[in-house]
């Protein structure tokens, strides 16, 4: 049996790959405790307290540097920092007369954030042998063919080597199916390609042959001018293959892997019109027909956030399938969608789609307003009657009116194409003072905080906000390829989809300026140094190697 094929190795329970990185993105997880305001740490503190604070910084760096194969990777080490600071404040104070001169360096969030990224990069595999061993440990199968070429490509571009758990999760259902029927993957690809080439479903069939790229589709497809350029940077290292690419911002594969009987259903497709299911509105479809109830993130009794998500209430576009297909998409919502994630062109600096700033941040942090800033369109879902009051962007403006001291937010343009039956355009624009007057993207530089909200789907401005110099508050239900690298409370502050905790978290940031600044700096460092165009290429390249392995297996063993 060929050495790169998966079947000699066993999968975990229910075909799941055990992950050593358990994500904890509960927005209700207590924020960094304590309220250490500027000026609290001064030379009047006892010397042992000052030394203790220096020890805190050292311990924080050690936690990051030693977290390669432990669950510490998912912990927010800054909570430990503040907890220790709190303990030190509870210790009995010494006589000020006995204190020593303060010779320690001041608290430096910029340097600590830089060190955390250094630690992430330094723990990556430096040899092919180590990378292969870690791949096997995580997936219980050897890497795919051409992995050695990917490894060299990634090293030359300073990409991450071992941090691709999302890819492993996305492909695991297809590996499980291949163990039962090796031909199934190729059959799914062929069925999907037949639909895409015949109908205008805003998807593309991409074929790689001897390094050349050919794209076929049955109608208008976005990014056609970008994809050949992107793929051309590494297509010479890819085996011959054919894959399916979704050009919409929306996910397409409304197949719940966690539903009872999902494996059996995956082998028996029933959707007579794949990628054409277009309910309007989408609320009933997601709640009752697809069984897609998105659990809330708050602790305690289970809740659903379907009624607080524009996409789930009344999606701007749909075109779903309820069968399992291997479709490569920009985003998805788990567990209701099973698309395979890849980097969107929105996150390539060289792309026209990228939200660029005209000039770098030129306002010192201490001179920025302690408010949250947002400007944008009324994007969200199709407005039918008064349902827009449940859409996050309209809710944000409602909150801003109630809290003008900490929020400067406005909808600047109205999405005309989303105004459908029962939508009173003039009344909506008047209620929310939508004037159509645009503002400079760089106005954000004057504010300490930015909020990032879903639009019709994910927000393509996220990485730009992280790089801007503002602390990002993020409210989303969508997954993207970089989720495992941008961790809540370490790189950004998560907010519930209904925005019910936004005000208290802005207040926390103002009461804890050092911790807020540290989160902002860590997010900016990761966005600038890790989430580069080269890293996007490395991720996409790795996705296609997994695809190529499954396809080759179907064509050889399944023949």
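In full-length UniProt numbering, the protein residues as written are 1 to 559. Think of the CB as a built atom: it goes at the ideal place given N, C-alpha and C, for glycine as much as any other residue. Just so you know, these numbers come straight off a predicted model, no measurement behind them.
Exercise. The alpha helix (DSSP H) with residue 120 in it runs from where to where?
Worked result: 109-122 is the span of the alpha helix (DSSP H), which, as asked, contains residue 120.
For this session: Can you give me the start and stop residues for the alpha helix (DSSP H) that residue 547 sits inside?
Result: 533-556
For this session: Might you give, ordered along the chain, the residues of its own chain that have their beta carbon closer than 8 Å to the beta carbon of residue 471, omitting 5 neighbours on each side?
Result: 448, 449, 450, 492, 493, 509, 516, 517, 519, 520 and 523
Exercise. For residue 506, which residues from the same chain have a beta carbon less than 6 Å from its beta carbon, with the 5 sequence-adjacent residues on both sides left out?
Worked result: 372 and 406
Exercise. Do the stretch 368-385 and the stretch 422-442 meet, that is, are 3 or more Cβ pairs less than 8 Å apart?
Worked result: yes
Exercise. How about the stretch 258-265 and the stretch 339-348: do they share at least three Cβ pairs that are nearer than 8 Å?
Worked result: Verdict: no, contact absent.
Exercise. Out of curiosity, what's the CA-to-CA distance linking residue 503 and residue 301?
Worked result: 23 Å
Exercise. Do the stretch 309-324 and the stretch 452-472 make contact, defined as three or more Cβ pairs closer than 8 Å?
Worked result: yes
Exercise. Hey, how far is the Cα of residue 241 from the Cα of residue 545?
Worked result: 10 Å
Exercise. Looking at C-beta atoms only, is the number of pairs between the stretch 355-363 and the stretch 271-279 that lie closer than 8 Å three or more?
Worked result: no
Exercise. Is it a yes or a no for the stretch 399-416 touching the stretch 430-441, going by three-plus beta-carbon pairs under 8 Å?
Worked result: yes
For this session: Give a yes or no on whether 9 Å exceeds the smallest Cβ distance from residue 169 to chain C.
Result: Judged by its chain identifiers, the structure shown contains no chain C, having just a single protein chain.
For this session: Please confirm whether residue 213 and residue 228 have their CB atoms less than 9 Å apart.
Result: yes
Exercise. Residue 198: which of 551, 216 and 182 sits nearest, CA to CA?
Worked result: 216
Exercise. Leaving out five residues before and five after residue 208 in sequence, what residues of the same chain have Cβ atoms less than 7 Å from its Cβ?
Worked result: 235, 238, 240 and 241
Exercise. Residue 212 by DSSP, collapsed to three states: which one?
Worked result: strand
Exercise. According to DSSP, is residue 395 helix, strand or coil?
Worked result: helix
Problem set entry | Closest Cα partner of residue 404 within the set 350, 117 and 370 | 370
Problem set entry | the stretch 149-165 contacting the stretch 536-554, beta-carbon criterion three pairs below 8 Å | The stretch 149-165 vs the stretch 536-554: in contact.
Problem set entry | Opening and closing residue of the alpha helix (DSSP H) in which residue 452 lies | Unbroken run through residue 452 is the beta strand (DSSP E), 447-453; no alpha helix (DSSP H).
Exercise. Buried or exposed: which applies to residue 306, given that a residue is buried once 16 or more other Cβ atoms fall within 10 Å of its Cβ?
Worked result: buried
For this session: May I ask you to report which of helix, strand or coil DSSP gives residue 163?
Result: coil
Problem set entry | Own chain residues within Cβ distance below 7 Å of residue 293, not counting five before or after | 287, 304 and 306
Problem set entry | Selection from 445, 479 and 109 that minimises the alpha carbon distance to residue 337 | 479
Exercise. In chain order, what residues of the same chain lie with their CB nearer than 7 Å to the CB of residue 148, ignoring the 5 residues before and after it?
Worked result: Only 128 meet the Cβ criterion.
Exercise. Alpha carbon to alpha carbon, how far is residue 183 from residue 225?
Worked result: 33 Å
Problem set entry | Within the stretch 173-225, ranges of the alpha helix (DSSP H) (whole runs, at least 4 residues) | You should have 184-198.
For this session: Work out the CA separation of residue 143 and residue 130 for me, nearest whole Å.
Result: 12 Å
For this session: Spell out the partners DSSP gives residue 492 in its beta bridges.
Result: 488
Exercise. What separation, rounded to the nearest whole angstrom, lies between the Cα atoms of residue 187 and residue 557?
Worked result: A direct Cα-Cα distance of roughly 14 Å separates residue 187 from residue 557.
Exercise. When DSSP labels each residue in this structure, what does residue 370 get in the three-state scheme?
Worked result: Of the three classes helix, strand and coil, the one that applies to residue 370 here is strand, per DSSP.
Problem set entry | Candidates 399, 268, 438 and 402, of which the one nearest residue 414 by Cα | 438
For this session: Determine the closest residue to residue 330 out of 400, 443 and 460, with distance taken between C-alpha atoms.
Result: Taking residue 330 as reference, the option from 400, 443 and 460 with the minimal CA-CA separation is 460.
Exercise. Considering residue 413, what are the terminal residues of the beta strand (DSSP E) in which it resides?
Worked result: 407-413
Exercise. In this structure, does DSSP put residue 528 in helix, strand or coil?
Worked result: helix
Problem set entry | Run of the alpha helix (DSSP H) containing residue 429, from where it starts to where it stops | 425-431
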